[in-house]
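> Be aware that the sequence shown starts at 362, since it is given in our numbering, and climbs by one per residue.
Sharing a structure below in structure tokens format, with a few things to ask.
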Amino acid sequence: TAQIRNSVLSHAKLMNYVPASKQGALSKIDILVTPSNTEDNAATSVTLEKYTRLLGYDKDGVNYPFVTINSNTALKTNGTFSFSNVYIKQGEVITLQYLVDSTNEKRRFEIPSANVDTTSVIVSVQESSSNTDTKVYTLAEDIVELTGNSTVYFIEENENLNYSFYFGDDILGKRPKDGNIVICTYLDNVGAQSNNITG
Numbered sequence: 362t363a364q365i366r367n368s369v370l371s372h373a374k375l376m377n378y379v380p381a382s383k384q385g386a387l388s389k390i391d392i393l394v395t396p397s398n399t400e401d402n403a404a405t406s407v408t409l410e411k412y413t414r415l416l417g418y419d420k421d422g423v424n425y426p427f428v429t430i431n432s433n434t435a436l437k438t439n440g441t442f443s444f445s446n447v448y449i450k451q452g453e454v455i456t457l458q459y460l461v462d463s464t465n466e467k468r469r470f471e472i473p474s475a476n477v478d479t480t481s482v483i484v485s486v487q488e489s490s491s492n493t494d495t496k497v498y499t500l501a502e503d504i505v506e507l508t509g510n511s512t513v514y515f516i517e518e519n520e521n522l523n524y525s526f527y528f529g530d531d532i533l534g535k536r537p538k539d540g541n542i543v544i545c546t547y548l549d550n551v552g553a554q555s556n557n558i559t560g
């Protein structure tokens, strides 16, 4: 019977349901790289790093940014580098950092964007500003499998209608310590607007 979105969200949390976010267009493409005479012609391989930025062709007067979602390497053949089946996704890469301290006892952090693609979120925890040892945390899927050492995070839509992610309590999931730096990387996207781009 709930009609206000915040009320629906409150009920959804009781069922461990997280509303899906918008997602940018996903495409599988082939890329051919041909170095000019003024570029490095001695290299025998080229790597397109994860998050290499590409530009979607003008659609209704707008160019949409895309990024590669994996790292891809190609060897030189007849003076060119051919990348096959490269997955790209629409969106701008955003990276946020949060300092963990005693003012945030719940270890809950808001992603301040209505356009976040939650399927692209990567959360990692760095030991401190002076110790760059970093561990990647994964999205928790089955709490039955969790222990106090599980490096996982949870995600929810909050009362501001943005997404927040949070950590465990050292019983169900590892809890970051004061002084840790939480790093969140995600794609900020336009959703279905970028569908059907052909170039």
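Ideal Cβ placement from N, Cα and C applies to all residues, glycine included.
Please read these numbers as outputs of a predicted model, since none were measured by experiment.
Hey, is the stretch 431-444 in contact with the stretch 510-518, meaning 3+ C-beta pairs nearer than 8 Å?
No, the stretch 431-444 does not touch the stretch 510-518.
> In three-state DSSP terms, what is GLY552?
As a position in the sequence shown, residue 552 is number 191, starting the count at 1. Note: GLY552 maps to helix in three-state DSSP.
> Taking the alpha carbon of PRO537 as the reference point, which residue from VAL447, TYR514, VAL454 has its own alpha carbon closest?
Here residue 537 refers to the residue found at position 176 when the sequence shown is read from its first residue. It is TYR514 whose Cα lies nearest to the Cα of PRO537.
> Where does GLU517 fall in DSSP's three states?
The residue you call residue 517 lines up with position 156 of the sequence shown. Strand, per DSSP.
> For a quick check, are the C-beta atoms of VAL486 and LEU548 less than 9 Å apart?
The residue you call residue 486 lines up with position 125 of the sequence shown. The residue you call residue 548 lines up with position 187 of the sequence shown. No, the pair does not count as a contact, with Cβ atoms beyond the cut-off.
> What residues in its chain sit with their C-beta under 7 Å from that of ASN556, if we drop five residues either side in the sequence?
The count along the sequence shown starts at 1 and reaches residue 556 at position 195. Taken in chain order, the residues that qualify are ALA386.
> For THR429 versus ILE455, is the C-beta distance shorter than 9 Å?
Locating residue 429 in the sequence shown gives position 68, where the first residue counts as 1. Locating residue 455 in the sequence shown gives position 94, where the first residue counts as 1. No, the Cβ-Cβ distance between THR429 and ILE455 is not below 9 Å.
> Please report the straight-line C-alpha distance between ASN550 and ASP530, rounded to a whole angstrom.
Reading the sequence shown from its first residue, position 189 is the one you call residue 550. Reading the sequence shown from its first residue, position 169 is the one you call residue 530. Spanning the two alpha carbons is a distance of roughly 32 Å.
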